[in-house]
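A short worksheet on the structure shown next.
Number of protein chains: 4
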Amino acid sequence: VQTATGVRRIAKHLGKASVHIDVTKVMIITKARDNSLVYLTRDMARWLMDRGVVVYVDAKLEKSGRFDAPTLTANTPARMLRYWTAEMATQKPELFDLVITLGGDGTVLWASWLFQGTAPPVIPFALGSLGFLTNFEYHDFGKHLTKAMTQGVHVHLRMRFTCTVFKREMNPETGKRDKHHSKIGRHEVLNEIVVDRGPSPFISMLELYGDDNLLTIVQADGLILSTPTGSTAYSLSAGGSLVHPEIPAICVTPICPHTLSFRPMLLPDSMTLKVVVPRKNSRTSAWVSFDGRSRVELKSGDYITVRASKFPFPTVIRSDMDYIESVSRTLKWNTRELQKPLT
Amino acid sequence: VQTATGVRRIAKHLGKASVHIDVTKVMIITKARDNSLVYLTRDMARWLMDRGVVVYVDAKLEKSGRFDAPTLTANTPARMLRYWTAEMATQKPELFDLVITLGGDGTVLWASWLFQGTAPPVIPFALGSLGFLTNFEYHDFGKHLTKAMTQGVHVHLRMRFTCTVFKREMNPETGKRDKHHSKIGRHEVLNEIVVDRGPSPFISMLELYGDDNLLTIVQADGLILSTPTGSTAYSLSAGGSLVHPEIPAICVTPICPHTLSFRPMLLPDSMTLKVVVPRKNSRTSAWVSFDGRSRVELKSGDYITVRASKFPFPTVIRSDMDYIESVSRTLKWNTRELQKPLT
Amino acid sequence: VQTATGVRRIAKHLGKASVHIDVTKVMIITKARDNSLVYLTRDMARWLMDRGVVVYVDAKLEKSGRFDAPTLTANTPARMLRYWTAEMATQKPELFDLVITLGGDGTVLWASWLFQGTAPPVIPFALGSLGFLTNFEYHDFGKHLTKAMTQGVHVHLRMRFTCTVFKREMNPETGKRDKHHSKIGRHEVLNEIVVDRGPSPFISMLELYGDDNLLTIVQADGLILSTPTGSTAYSLSAGGSLVHPEIPAICVTPICPHTLSFRPMLLPDSMTLKVVVPRKNSRTSAWVSFDGRSRVELKSGDYITVRASKFPFPTVIRSDMDYIESVSRTLKWNTRELQKPLT
Amino acid sequence: VQTATGVRRIAKHLGKASVHIDVTKVMIITKARDNSLVYLTRDMARWLMDRGVVVYVDAKLEKSGRFDAPTLTANTPARMLRYWTAEMATQKPELFDLVITLGGDGTVLWASWLFQGTAPPVIPFALGSLGFLTNFEYHDFGKHLTKAMTQGVHVHLRMRFTCTVFKREMNPETGKRDKHHSKIGRHEVLNEIVVDRGPSPFISMLELYGDDNLLTIVQADGLILSTPTGSTAYSLSAGGSLVHPEIPAICVTPICPHTLSFRPMLLPDSMTLKVVVPRKNSRTSAWVSFDGRSRVELKSGDYITVRASKFPFPTVIRSDMDYIESVSRTLKWNTRELQKPLT
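Protein chains in written order, with the working numbering: chain H, 3 to 345; chain Z, 3 to 345; chain D, 3 to 345; chain A, 3 to 345.
So, in structure tokens, the structure goes:
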């Protein structure tokens with residue numbers, strides 16, 4: 003029992019860590035097609051190189067007239083400016099001491115998508131209004147980066163899911179799908195996995211297992227398995243609760259369920275979930291997507307497994323109140339003029 | 003990061019433990035006023051004493067004609083049958099190797115109420131249909147108790163809250179309430195703490211703090227702070243999600259909030275919450291209750307603190323699926339005939 | 003069938019009427035205890051008397067130094083300024099061509115409370131921000147009243163409920179409550195009737211009948227029967243839908259129900275509902291309130307009936323969009339910055 | 003005001019009518035592909051012809067070996083058995099005195115789909131458990147039909163929507179879509195119209211107008227416009243209230259809206275709604291479907307209009323309690339064992 007309290011105290015600090023990082027190589031992620039972002043990326047790269055930091059920008063910018071690499075490196079050793087590719091992020095994440103994202107929450111999700119294994123600390127800058135994940139204002143980037151480079155950063159290790167897709171193999175002799183399954187993909191997910199009916203007009207029927215026990219049969223437009231980070235995204239629209247990102251839980255939220263009693267449920271992140279398209283009784287296939295990307299069709303007998311990833315996604319935080327502030331700001335959570343005195 | 007996975011694995015097993023207990027002294031808790039329960043308590047006491055176990059029953063039964071202690075101990079050493087009082091539960095919990103509750107979920111809550119410090123393992127027997135907390139059928143008690151005594155029990159350490167009530171002191175000179183607060187009570191809570199408007203027709207306004215940061219101002223009929231165990235009780239009625247009891251979280255669920263955006267939120271159980279009746283702007287006092295008991299009035303400036311208790315409440319579990327089964331059974335969670343084929 | 007379309011067309015205009023009223027006598031309703039309101043009432047009375055209109059103000063203002071009636075009537079015939087009492091509103095509503103309320107939605111509810119039979123058209127002025135019912139700004143009162151007096155007003159006949167309370171009589175011989183019921187009160191209600199557990203810690207059990215058929219047994223913290231006008235008030239907090247005030251419906255909304263399937267339901271306003279505290283199985287009494295006023299205890303066997311009133315409450319509207327505007331303004335209904343382009 | 007009460011009383015009986023119908027020609031609608039249904043259709047046709055009633059069955063059965071028309075008419079004038087086509091239902095509804103549906107709620111929706119103008123009274127028989135719309139048991143069909151033919155039927159005129167689809171025309175010269183719209187379809191709808199994102203991964207943005215006033219901009223997975231009849235179907239899954247089918251209302255229910263304040267709203271059925279895919283800001287097209295059928299793509303600038311139809315759908319009712327019974331039965335609305343006494 004004493005131990006329980008002890009572990010709780012450790013766990014309290016597990017998700018958060020103060021890290022001193024020696025910032026010598028920085029990766030900047032942004033939507034390379036957006037013109038204004040190209041100029042802002044250029045400014046930031048300039049600022050970093052002036053301080054002796056090697057900068058990696060999107061390889062798509064190498065030939066960009068707007069980005070104008072030649073001018074940028076006119077007075078700087080050319081090796082200070084390098085170009086990243088998706089392969090480098092997946093295979094050599096240790097190339098980057100720090101990742102800067104420039105854009106909205108979607109750009110942070112993209113950064114998570116790029117780092118399918120270990121991920122360096124990410125500092126997310128917002129251009130306009132701050133979002134859930136983008137808690138640093140661009141116009142103050144000098145101040146924030148200076149502080150990060152001199153004093154280190156506080157990092158929140160956001161839980162991700164590892165989701166693996168299994169499909170029934172085609173029997174080469176019979177031309178039919180047989181009982182064996184082969185693993186056809188693995189994804190690290192920061193917000194949520196959605197299994198839905200896709201373009202089909204019919205509802206999905208799905209079996210949900212937890213540690214190989216049947217939890218329930220889902221009849222709904224779809225099923226959301228969300229991380230706490232994702233609890234403010236699609237899961238919330240579908241009626242889920244807000245879940246603080248330090249809570250080790252998997253949010254199971256049905257989309258338009260066909261029973262009134264199918265309330266959202268939170269399960270421990272130590273559980274392995276499995277979502278199966280049943281062999282029988284399923285009139286239709288289902289579609290799975292990962293952080294809104296890479297839709298894959300699941301046919302009768304196919305399934306996915308979902309578990310807490312061993313590769314969390316470290317994002318830089320400003321204060322312990324980041325989460326509450328982002329919720330108040332972005333959702334107007336419980337914001338209203340105070341009730342006036344009785345008149 | 004490796005550590006994170008490790009701690010998660012430990013935490014997975016933290017809430018559950020296989021305990022071999024040497025069962026020599028058992029406490030039976032039941033509603034002493036219910037006649038049929040008195041007879042069933044008697045049968046169970048008989049069964050236990052026949053197996054050499056010392057049995058503690060409610061001191062109210064000592065003189066009960068229905069319980070008929072003299073006949074019960076006719077052929078047994080009188081010291082085998084003893085009588086418990088509330089004081090013994092609070093001050094000498096080590097007197098009891100095992101606690102048996104006989105009744106509904108309310109009886110389990112009462113057991114938690116009795117053990118305000120360390121609590122022995124509790125095995126909850128239901129008389130009629132099983133409940134959320136009462137997962138053992140009375141009619142099989144012999145089988146279950148034999149197994150517990152010979153093979154040990156699996157125990158789930160249910161998180162409780164420690165809630166402390168602070169009220170402003172009365173200044174003896176001025177006769178007014180001044181700025182100093184005194185602690186007027188402390189309660190261990192298994193399900194939930196409710197702060198509501200009580201008999202007042204006006205809504206409560208409450209300030210909610212987490213680790214001394216203002217999280218939000220609550221305008222609602224009331225506020226529920228629920229443990230995961232309590233997430234299937236009042237919090238669910240008020241719109242909260244179902245939360246697996248192994249998740250270390252505090253469920254913040256408003257009752258009939260006055261803003262459409264005040265969704266239920268889950269906070270980490272490492273946080274200390276504080277609910278304050280504001281000095282200004284509050285037209286009314288509020289009332290706090292603990293697992294539905296012991297209503298206390300909070301006036302302007304009074305407050306409560308809520309934190310995860312260092313005294314969890316160990317209940318005996320039957321299988322890892324206890325929780326899902328209790329939810330399906332009791333709430334009919336997502337239970338419906340499967341959709342029939344199209345006709 | 004043709005008739006159906008015809009009646010629908012009539013019904014469309016039934017709730018709204020363009021009325022030319024000869025405004026010679028106006029009643030002003032406000033909270034007489036609020037000092038600033040007293041001055042504003044005085045200004046409005048002055049303005050009206052200057053235009054030859056007889057003004058009735060709250061009898062509580064007759065002796066008010068702040069209101070200063072003598073100065074106000076110094077240059078005006080004294081009979082231009084008169085004083086209303088609650089009795090006059092109930093018994094002689096024809097005394098008033100138009101009612102002005104000055105304050106918040108609560109003041110409009112109070113006006114409805116005063117006119118327990120026929121009600122004159124009511125034009126509700128808000129002091130600060132507009133509310134659901136208060137759709138005219140005070141600072142423009144001259145413009146609005148001039149228009150009302152010269153061009154007439156568009157009036158919306160808001161449905162009210164007639165609620166009658168029946169209690170079991172005390173048998174004078176036995177001193178016990180017997181089977182006969184006597185009518186102990188009748189109330190016209192503009193927003194809602196709430197039956198709840200009052201100060202009791204136990205939930206209510208209530209039987210709900212529609213046209214003498216048992217609809218359901220309610221196990222909940224309470225039950226709200228709301229008019230469409232009231233659907234933006236307490237019913238909304240408890241999870242009800244927004245209902246346009248022209249829809250002839252009764253909103254049945256449970257408060258924290260104990261079953262997940264007890265969704266809010268709308269019933270036709272041609273139905274007579276009855277809410278009964280059951281003779282058996284009810285551990286507790288219930289309490290009924292009317293637009294938040296006049297709480298009455300209901301004991302075992304007592305009941306209330308609720309039906310659409312034959313005395314609607316006419317409020318002056320500005321445009322057909324009043325309702326949607328009030329909802330957007332007051333609830334921030336679906337208000338959010340448009341999603342920004344992908345960045 | 004008196005009139006209001008009068009119209010309310012008329013309206014009460016408007017939706018329900020006791021009709022004596024001279025049943026000489028009956029149409030049977032069923033899924034012709036389901037073998038067991040073919041046999042049951044045959045039995046019912048036999049029963050009706052034996053009583054001198056002309057029976058119309060699906061033209062697909064004419065050649066069916068299972069239906070075996072030749073044997074069926076062996077002892078009956080061949081003109082007693084006729085075959086209906088979709089065209090006959092649309093163009094000559096007066097051919098049928100009564101329509102019998104055999105199957106589930108889907109078959110009743112199909113009957114509504116067939117009768118796009120005036121619809122004869124429909125008596126819906128369920129094969130298995132009764133549904134929302136299928137309130138007559140097949141095994142008692144003799145009793146029910148005898149009663150209908152001798153005593154007449156009580157009919158409930160269910161409101162339908164008339165939904166018209168407008169698309170921007172292609173300019174033949176420029177090859178671009180210009181500002182003119184052409185009407186490309188009109189549908190009578192019994193349950194609901196759904197406008198959603200279809201196969202697109204991006205959310206819809208839709209403008210909702212009521213009587214040409216902008217009510218709101220919808221950012222959601224989709225929007226449901228449901229009749230009261232449809233309020234127990236998709237709208238309920240998406241969080242809508244239950245609406246008694248006699249209430250003249252349009253249920254506006256968003257699917258997974260992106261703002262927490264977008265609550266379901268009920269609008270008067272005298273309103274004409276318009277849903278527009280905006281010219282700007284819309285990243286994607288939307289898809290509209292009618293009672294789950296006939297999906298049509300809406301591109302930027304296209305729109306639909308929705309209004310109460312002048313062709314209601316008359317279904318035979320058994321008692322005034324049909325609705326409540328169907329809700330309790332099918333949704334288990336608020337069904338739970340009564341709370342046991344405290345133990």
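Note that CB positions come from ideal geometry on N, CA and C, so glycine has one too.
Remember, predicted model here, so these are calculated numbers, not experimental data.
Cutoff 7 Å; reference R331(Z); Cβ partners in own chain excluding five residues on either side: Here residue 331(Z) is taken as the residue at index 329 of the second sequence, counted from 1. Excluding residues within five positions, the ones whose Cβ falls inside 7 Å are L132.
Among V191(A), H158(A), F168(A), which one has its Cα closest to the Cα of S20(A)? Counting from 1 along the fourth sequence, the entry for residue 20(A) is found at position 18. Among V191(A), H158(A), F168(A), the Cα nearest to that of S20(A) is on H158(A).
I need the boundaries of the beta strand (DSSP E) containing R35(D), first residue and last residue. Taking the first residue of the third sequence as position 1, residue 35(D) is located at position 33. Premise fails: R35(D) is in no beta strand (DSSP E) and is neither H nor E.
Could you please tell me which residues of the region 260-283 of chain D, in chain order, have their CB closer than 9 Å to any CB of chain H? T261, L262, S263, F264, R265
Best match in R162(A), V167(A), D213(A), D99(A) for proximity to S321(D) [C-alpha to C-alpha]: The sequence position of residue 321(D) within the third sequence is 319, counting from 1. With distances taken between Cα atoms, S321(D) lies closest to D213(A).
Give the secondary structure of S184(Z) by DSSP, where H, G and I count as helix, E and B as strand, and everything else as coil. Taking the first residue of the second sequence as position 1, residue 184(Z) is located at position 182. Residue state, collapsed to three classes: strand.
In this structure, how does DSSP classify S302(D) when only helix, strand and coil are distinguished? Position 300 of the third sequence, counting from 1, holds the residue named residue 302(D). S302(D) falls in the coil class under three-state DSSP.
Report the residue from L135(Z), F134(Z), Y41(Z), F168(Z) whose alpha carbon sits nearest the alpha carbon of V298(Z). Here residue 298(Z) corresponds to residue number 296 of the second sequence, with the count starting at 1. Checked all of L135(Z), F134(Z), Y41(Z), F168(Z); the closest Cα to V298(Z) is F168(Z).
How about S239(H): is its C-beta nearer than 8 Å to some C-beta of chain A? Your numbering for residue 239(H) matches position 237 in the first sequence. It does: the Cβ of S239(H) has a partner Cβ on chain A nearer than 8 Å.
R349(A), DSSP secondary structure in three states: With chain A covering only 3 through 345, there is no way to say anything about residue 349(A).
May I have a chain-ordered list of the alpha helix (DSSP H) segments no shorter than 4 residues that lie completely inside the region 232-295 of chain D? 236-239
Determine the chain D residues that contact R297(Z) at a beta-carbon separation under 8 Å, and present them in chain order. Along the second sequence, one-based indexing puts residue 297(Z) at 295. P203, listed in chain order.
Between the C-alpha atoms of D52(Z) and M161(Z), what's the straight-line distance to the nearest angstrom? The residue given as residue 52(Z) occupies position 50 in the second sequence. The residue given as residue 161(Z) occupies position 159 in the second sequence. Distance between the alpha carbons of D52(Z) and M161(Z) is about 35 Å.
Hey, which unbroken runs of the beta strand (DSSP E) at 3 residues or more fall wholly within the region 106-171 of chain Z? 124-128, 155-160
Which residues in the same chain as L275(H) place their Cβ atom closer than 6 Å to its Cβ, once the five residues preceding and following it in sequence are excluded? Looking up residue 275(H) in the first sequence gives position 273. Excluding residues within five positions, the ones whose Cβ falls inside 6 Å are G212, V308.
What did DSSP end up calling R48(A) once you bin it into helix, strand or coil? For the purposes of this step, residue 48(A) is identified with residue 46 of the fourth sequence, where counting begins at 1. The answer is helix: DSSP assigns R48(A) an H, G or I state.
Cα-Cα separation, V277(Z) to A235(H): Numbered from 1 along the second sequence, position 275 holds the residue referred to as residue 277(Z). Numbered from 1 along the first sequence, position 233 holds the residue referred to as residue 235(H). Each residue's Cα considered, the two are about 28 Å apart.
Backbone CA spacing between T231(H) and L238(D) [nearest angstrom]: Start at 1 with the first residue of the first sequence, and residue 231(H) comes out as number 229. Start at 1 with the first residue of the third sequence, and residue 238(D) comes out as number 236. Near 29 Å, if we compare the C-alpha coordinates of L238(D) and T231(H).
If the cut is a Cβ gap below 8 Å, which residues of chain D does D322(A) touch? The residue labelled residue 322(A) in the question sits at position 320 within the fourth sequence. The answer, in chain order, is D213, N215.
Please check if any C-beta of chain A sits within less than 8 Å of the C-beta of T218(D). By 1-based counting over the third sequence, the position of residue 218(D) is 216. Yes, T218(D) counts as interfacial toward chain A.
Around the Cβ of F163(Z), are there at least 16 other Cβ atoms within 10 angstroms (buried) or fewer (exposed)? Along the second sequence, read from residue 1 onward, the residue named residue 163(Z) stands at position 161. Classification for F163(Z): buried.
Give a yes or no on whether the minimum CB-CB distance between K94(H) and chain Z is below 8 Å. Here residue 94(H) is taken as the residue at index 92 of the first sequence, counted from 1. So no, K94(H) is outside the interface.
Going by other Cβ atoms of all chains shown within 10 Å of its Cβ, with 16 needed for buried, is A76(H) buried or exposed? In the first sequence, residue 76(H) corresponds to position 74, counting from 1. Per the 10 Å Cβ criterion, exposed.
Give a yes or no on whether the minimum CB-CB distance between G294(A) and chain H is below 8 Å. One-based indexing of the fourth sequence puts residue 294(A) at position 292. So yes, G294(A) belongs to the interface.
What does DSSP give as the partner residue(s) for E194(Z) in the beta ladder? The residue you call residue 194(Z) lines up with position 192 of the second sequence. According to DSSP, E194(Z) bridges with S228(Z).
With H, G and I counted as helix, E and B as strand and the rest as coil, what does DSSP make of T345(Z)? Translated into the one-based positions of the second sequence, residue 345(Z) becomes position 343. Here the model assigns T345(Z) a pLDDT of 33, short of 50, so the residue's position is not dependable, and the following value carries that caveat. The answer is coil: DSSP assigns T345(Z) none of H, G, I, E or B.
Neighbourhood of F264(A) by C-beta, 6 Å cutoff - its chain only, sequence neighbours within 5 removed: Translated into the one-based positions of the fourth sequence, residue 264(A) becomes position 262. These residues qualify, in order along the chain: P256.
Chain Z contact for L116(H) (CB, 8 Å cutoff): As a position in the first sequence, residue 116(H) is number 114, starting the count at 1. Answer no: the Cβ-Cβ gap between L116(H) and chain Z never drops below 8 Å.
Starting from T92(Z), follow the alpha helix (DSSP H) in both directions and report where the run begins and ends. Locating residue 92(Z) in the second sequence gives position 90, where the first residue counts as 1. Note, T92(Z): alpha helix (DSSP H), 88-93.
May I ask you to list the residues that DSSP assigns as paired with Y211(A)? Numbered from its first residue, the fourth sequence carries residue 211(A) at position 209. Beta-bridge pairing links Y211(A) to L216(A), K276(A).
Per DSSP, what kind of secondary structure is T176(Z) in: helix, strand or coil? One-based indexing of the second sequence puts residue 176(Z) at position 174. DSSP places T176(Z) in coil when its eight states are reduced to three.
In the structure shown, what three-state DSSP assignment does K65(A) receive? Translated into the one-based positions of the fourth sequence, residue 65(A) becomes position 63. Three-state result, K65(A): coil.
I'd like to check one pair, G294(H) with P201(A): are the Cβ atoms closer than 8 Å? Position 199 of the fourth sequence, counted from the start, is the residue given in the question as residue 201(A). Position 292 of the first sequence, counted from the start, is the residue given in the question as residue 294(H). No; because the gap between Cβ atoms is not below 8 Å, this pair is not in contact.
Between the CA atoms of F98(D) and R81(D) - distance to the nearest angstrom: Taking the first residue of the third sequence as position 1, residue 81(D) is located at position 79. Taking the first residue of the third sequence as position 1, residue 98(D) is located at position 96. Between R81(D) and F98(D), the C-alpha separation is close to 15 Å.
Cβ pair V318(H), V110(H) closer than 8 Å: For this step, residue 318(H) is matched to residue 316 along the first sequence. For this step, residue 110(H) is matched to residue 108 along the first sequence. For V318(H) and V110(H), no; Cβs fall outside 8 Å.
Applying the 10 Å Cβ sphere with the 16-neighbour rule, what's the burial state of L216(A)? Counting from one through the fourth sequence, the residue named residue 216(A) turns up at place 214. L216(A) is exposed by the Cβ-count criterion.
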